[in-house]
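Novice: Residue numbers (my numbering), protein chains in the order written: chain A, -13 to 533; chain B, 20 to 157. My questions will all concern the structure given below.
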Amino acid sequence: MIDRPVGNGTTSASSYLRTGPGSGAIDRTISDVPLKTVYGPEDVKRVEPQPGEYPYTRGIHPNGYRDRLWTMRQFAGFGNAKQTNERYHFLLSQGQMGLSVAFDMPTLMGYDSDAPQARGEVGKCGVAIDSLRDMERLFEGIDMGAITTSMTINGPAAIAVAQYVAAAEKKGISRKLLGGTIQADILKEYIAQKEWIFPPRPHMRVITDMIEFCTAEMPKWNTISISGYHIREAGSTAAQELAFTLADGFAYVEAAMARGLDVDAFAPRLSFFFNSHIDFFEEIAKFRAARRIYAKRMRERYGAKNPRSWQLRFHTQTAGCSATAQQPENNIVRVAFEAMAAVLGGTQSLHTNSMDEVLALPTEKSVEIALRTQQVLAYETNVTNVVDPLGGSYFVESLTDEMERQAEAYFAQIEEYGGVIEAIEAGFFQKEIAEASYRYQRSIESKDRIIVGVNHFQREEEQLDMDLLKITEEVAREQARSLNELRTTRDANAVATALDRLERACRDERDNVMPHLIDCVNAYCTEGEIVETMAKVYGRYTERSVF
Amino acid sequence: MANRPLRIVVAKAGLDGHDRGAKVIARALRDAGMEVIYTGLFQTPEQIVQTAIQEDADGIGLSILSGAHMTLFPLVLEQLKAQGADDIVFFGGGTIPPEDAVELKKLGVKAVFTPGAPLQEIIDFVEAECGKRRELVG
């Protein structure tokens, strides 16, 4: 017998019967794949090759997590660089293996902290980085040559890489030694996350410049993290997340090849970033299908010869959108299931969300629980000893095929538009996602889908008994003071010259903007000034909204 | 005039690109028979209030998931007062901690909905409050 909370949803015979509408007895996955009661040999088309073998459905490493666990990488950033630097020192001391920078909205959108657009947003959902000076503070006391860093930034990604390189080189660490990943996935911004600056075509040019630069100068740097996470958070299904993300990935591959880069020179450093939602087996099937589709495409269509170019590596984050504000402690449990799906799906690194993120930035305590969840998974559950333990499961193999089938159908639709950028311009992805998210919400309203604590098993009186992290407006004032001081003390001529050269590079398609960005950063140009200069040439993007 | 459907402006302010909730709400209100004007992203408080006045809206629903709610909600309220439009029902939602929601309600935000709020609850609220306003204003 299950213990039931008091209040709505107390024990009654009817709450155990799973028939009829509104009973939560949905017999489909989130992507609307109908589920049979039992699967058998007739549902499996083939026997997949072993892990480590093409097309890597079962994993890219023959020994899975036996050789190496996934990287536990908690995304963190808030307030100013000094506060975030302290959180990084804490996380590293707790056994975290890599850093992951969350920037605040103004930084993500290319505005300085004292811009009018930044009102109320400074340091709120990430750290405020206005200039190289903030980047230096962010990594104070941290050996940038020894850790790996993931930076979640897209519109101004090239500027963030320039700042990271400059901050390291000031410490005497060569750019050649820098390991990590920059998200830099601008296509999904137009599709889902909406943190764009310039229109798609010039943005693609800057990203391609960055790929070209990193391929030549930063051998340990992953140049782009093609992200489905935000597509999913915006309300897509698993199949849409899979299809749209891979389509974006192929668009970057095609752009870099069109630049004349050899596919095997850059492809091994592309990586992916997926969401792990609550529909357990569908998520595992999605990860497996992603590897297979990618490997086949890279080899067959783009002619990659290096097996590393065929292998899809990915980071996973548990689904923020599956967390609930009601009874937030329940999110710990959701996160544990989602994290296990990611691990059974063979993720290379993982962020587990904290239970309170649906209400505010996480406190140190809730971040610790989230990290401990990964450690329990890694060290206690014994799921790490066998590679792809669900391989050969009639159900999971069949669902993997179905994910692939749905993705291929979407690829065909995107191609009809003429490609990803054209489909963005037509509002195709945006509309598909809006439809899916509305359907999902409706299924919750009708109780076809039960969310514990939300539409069933609610507490009669919801009382939040939890400390939340508060970011004060003092951060904004401090950043503004610091910017003022910077603008009066730096070499104004060096700033003007660097910005002028950058503008010329933006106008000249044959030039690469990256070295000019590094010069700007080293002259202590602010992010806002750099973006403003580039926007003079490229303009700013505005979206036609559909709902 | 009296029988025209309720008109609601669904707004996104500041630099916050999280528009999933706003779009779902916009669509749900529309499906409930209201006329919905979605502002799109990155609006200033001034623009939002202007839109509401120009569209003769009965209500404004503001969605904020970036943590800037304690700045942007009060700025919209200020604009509503400054424009003499504070009879427009102003409500909102997003990742808003309970104590901030209490504070915002004190300032004059009619309702604050957090993740997980049932659509029907929001629709009922909008119909009731904006309906009352319609009766008063005519």
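Even for Gly, the Cβ is constructed at its ideal location relative to N, Cα and C.
Spell out a yes or no on whether the stretch 52 to 72 of chain A and the stretch 83 to 100 of chain A are touching, meaning 3 or more CB-CB pairs, one atom from each, closer than 8 Å.
Specialist: yes
Novice: Which parts of the stretch 486 to 527 of chain A are runs of the beta strand (DSSP E), unbroken and 3 residues or longer, counting only runs that do not cross its ends?
Specialist: none
Novice: If we call anything under 8 Å between Cβ atoms a contact, is A154 of chain A one with R161 of chain A?
Specialist: Taking the first residue of the first sequence as position 1, residue 154 of chain A is located at position 168. Taking the first residue of the first sequence as position 1, residue 161 of chain A is located at position 175. Going by C-beta atoms, A154 of chain A is nearer than 8 Å to R161 of chain A.
Novice: Once DSSP output is grouped into helix, strand and coil, what is the label at R39 of chain B?
Specialist: Counting from 1 along the second sequence, the entry for residue 39 of chain B is found at position 20. DSSP places R39 of chain B in helix when its eight states are reduced to three.
Novice: Could you spell out the range, first to last residue, of the alpha helix (DSSP H) harbouring K125 of chain B?
Specialist: Counting from 1 along the second sequence, the entry for residue 125 of chain B is found at position 106. It spans P117 to L126 - the alpha helix (DSSP H) in which K125 of chain B sits, taken as one unbroken run.
Novice: Residues in its own chain within less than 6 Å of M130 of chain A by CB, not counting five upstream and five downstream?
Specialist: The residue labelled residue 130 of chain A in the question sits at position 144 within the first sequence. For M130 of chain A, where only same-chain residues beyond five positions count, the Cβ hits under 6 Å are A154 and I159.
Novice: How would you list, in chain order, the residues of chain B whose beta-carbon sits under 7 Å from the beta-carbon of Y424 of chain A?
Specialist: To locate residue 424 of chain A, count along the first sequence from 1; it is residue 438. Per Cβ cutoff of 7 Å: V43 and R46.
Novice: Measure the C-alpha to C-alpha separation of E464 of chain A and D98 of chain A and round it to an integer number of angstroms.
Specialist: Locating residue 464 of chain A in the first sequence gives position 478, counting from the first residue. Locating residue 98 of chain A in the first sequence gives position 112, counting from the first residue. Taking the straight line from one Cα to the other gives about 12 Å.
Novice: Put G(-7) of chain A into one of helix, strand or coil per three-state DSSP.
Specialist: Numbered from its first residue, the first sequence carries residue -7 of chain A at position 7. Note that G(-7) of chain A scores a pLDDT of 39, beneath 50, so its modelled location is shaky and nothing firm can be said.
Novice: Kindly provide the ranges of any beta strand (DSSP E) runs that are 3 or more residues long and lie completely inside the stretch 158 to 199 of chain A, ordered along the chain.
Specialist: For the stretch 158 to 199 of chain A, whole beta strand (DSSP E) runs of length 3 or above, ordered along the chain, are 165 to 168.
Novice: Show which residues of chain B have a CB atom less than 7 Å away from the CB atom of V440 of chain A.
Specialist: Sequence index remark: in the first sequence, residue 440 of chain A carries index 454 (1-based). Listed by position along chain B, the residues whose Cβ is nearer than 7 Å to that of V440 of chain A are G135.
Novice: Residues of the stretch 180 to 191 of chain A with a CB closer than 9 Å to any CB of chain B: list them in chain order, please.
Specialist: K180, E181 and W182
Novice: Is it right to say N368 of chain A is buried, meaning 16 or more other beta carbons lie within 10 angstroms of its own, or is it exposed?
Specialist: Looking up residue 368 of chain A in the first sequence gives position 382. With fewer than 16 Cβ atoms within 10 Å of its Cβ, N368 of chain A is classed as exposed.
Novice: Please classify K22 of chain A as buried or exposed, where buried requires at least 16 neighbouring CB atoms within 10 angstroms.
Specialist: Counting from 1 along the first sequence, the entry for residue 22 of chain A is found at position 36. Exposed.
Novice: Have a look at the DSSP bridge pairing and note the partners of S432 of chain A.
Specialist: Taking the first residue of the first sequence as position 1, residue 432 of chain A is located at position 446. Bridge partners of S432 of chain A: none, in fact.
Novice: Given this structure, state the Cα-to-Cα distance separating P(-9) of chain A from T310 of chain A, to the nearest angstrom.
Specialist: Position 5 of the first sequence, counted from the start, is the residue given in the question as residue -9 of chain A. Position 324 of the first sequence, counted from the start, is the residue given in the question as residue 310 of chain A. Here P(-9) of chain A scores only 39 on pLDDT, less than 50, and its place in the model is too uncertain to base an answer on.
Novice: Residues of the stretch 200 to 217 of chain A in Cβ contact with chain B at a cutoff of 7 Å, in chain order, please.
Specialist: Listed in sequence order: no entries.
Novice: Within the same chain, show all residues whose beta-carbon is closer than 6 Å to that of S222 of chain A, passing over the 5 residues directly before and after it, in chain order.
Specialist: Within the first sequence, numbered from 1, the residue matching residue 222 of chain A stands at position 236. Excluding five sequence positions before and after S222 of chain A, the CB atoms of its chain that fall closer than 6 Å to its own CB belong to I419 and A422, given in chain order.
Novice: On the CB-based measure, 16 or more other CB atoms within 10 Å of its CB, does Y365 of chain A come out buried or exposed?
Specialist: As a position in the first sequence, residue 365 of chain A is number 379, starting the count at 1. Per the 10 Å Cβ criterion, exposed.
Novice: Can a CB atom of chain B be found closer than 8 Å to the CB of I457 of chain A?
Specialist: Position 471 of the first sequence, counted from the first residue, corresponds to residue 457 of chain A. Yes, its Cβ sits closer than 8 Å to a Cβ of chain B.
Novice: As a quick exercise: from A:E181, A:L78 and A:F252, pick the residue whose alpha carbon is nearest that of N140 of chain A.
Specialist: Within the first sequence, numbered from 1, the residue matching residue 140 of chain A stands at position 154. Selected option, being the one with the closest Cα: A:E181.
Novice: Can you confirm whether Q139 of chain B, when its beta carbon is compared against all beta carbons of chain A, has any partner nearer than 8 Å?
Specialist: As a working mapping, residue 139 of chain B is identified with position 120 in the second sequence. Yes - at least one Cβ of chain A is within 8 Å of the one on Q139 of chain B.
Novice: Measure from the C-beta of M95 of chain A to each C-beta in chain B and report whether the shortest distance is under 8 Å.
Specialist: In the first sequence, the residue the question calls residue 95 of chain A occupies position 109. True, the Cβ-Cβ gap to chain B drops below 8 Å.
Novice: List, in chain order, every chain B residue whose beta-carbon is nearer than 7 Å to that of V344 of chain A.
Specialist: For this step, residue 344 of chain A is matched to residue 358 along the first sequence. Those within 7 Å of V344 of chain A in chain B are T114 and P134.
Novice: Give me whichever residues DSSP pairs with N261 of chain A in a beta bridge.
Specialist: Start at 1 with the first residue of the first sequence, and residue 261 of chain A comes out as number 275. In DSSP, N261 of chain A forms a bridge with A:Q303.
Novice: Along the chain, where does the beta strand (DSSP E) containing S335 of chain A start, and where does it finish?
Specialist: Start at 1 with the first residue of the first sequence, and residue 335 of chain A comes out as number 349. Unbroken beta strand (DSSP E) run through S335 of chain A: S335 to H337.
Novice: Mind checking if M91 of chain A is an interface residue toward chain B, Cβ cutoff 8 Å exclusive?
Specialist: The count along the first sequence starts at 1 and reaches residue 91 of chain A at position 105. Interface residue, yes.
Novice: Rounded C-beta distance between V28 of chain B and I79 of chain B? I'm assuming under 8 Å.
Specialist: Residue numbering aside, residue 28 of chain B sits at position 9 when the second sequence is read from its first letter. Residue numbering aside, residue 79 of chain B sits at position 60 when the second sequence is read from its first letter. That belief holds up - the Cβ atoms of V28 of chain B and I79 of chain B are roughly 5 Å apart, short of 8 Å.
Novice: Can you pull the chain B residues whose beta carbon is under 7 Å from the beta carbon of L454 of chain A, in chain order?
Specialist: The residue labelled residue 454 of chain A in the question sits at position 468 within the first sequence. Correct list: P116.
Novice: What did DSSP end up calling Y403 of chain A once you bin it into helix, strand or coil?
Specialist: Taking the first sequence and counting its residues from 1, the one referred to as residue 403 of chain A is at position 417. In this structure, Y403 of chain A counts as helix in the three-state DSSP scheme.
Novice: Taking the straight line between their C-alpha atoms, what separation do you get for F236 of chain A and N339 of chain A?
Specialist: Against the first sequence, residue 236 of chain A aligns to sequence position 250. Against the first sequence, residue 339 of chain A aligns to sequence position 353. About 29 Å.
Novice: Rounded to whole angstroms, what is the Cα-Cα separation between A521 of chain A and K31 of chain B?
Specialist: Counted from its first residue, the first sequence places residue 521 of chain A at position 535. Counted from its first residue, the second sequence places residue 31 of chain B at position 12. Straight-line Cα distance between these residues: approximately 23 Å.
Novice: In three-state terms, what does DSSP make of V239 of chain A?
Specialist: Residue 239 of chain A sits at position 253 when you count from the first residue of the first sequence. Looking at V239 of chain A - three-state DSSP - the assignment turns out to be helix.
Novice: How would you label K151 of chain B, buried or exposed, when you count the other beta carbons within 10 angstroms and need 16 or more for buried?
Specialist: One-based indexing of the second sequence puts residue 151 of chain B at position 132. So K151 of chain B counts as exposed.
Novice: If you draw a straight line from the alpha carbon of L330 of chain A to that of T302 of chain A, how long is it in whole angstroms?
Specialist: Here residue 330 of chain A is taken as the residue at index 344 of the first sequence, counted from 1. Here residue 302 of chain A is taken as the residue at index 316 of the first sequence, counted from 1. Taking the straight line from one Cα to the other gives about 12 Å.
Novice: Can you grab the Cα-Cα spacing for the pair K291 of chain A / D250 of chain A, in whole Å?
Specialist: Your numbering for residue 291 of chain A matches position 305 in the first sequence. Your numbering for residue 250 of chain A matches position 264 in the first sequence. When rounded, the distance between both Cα atoms is 7 Å.
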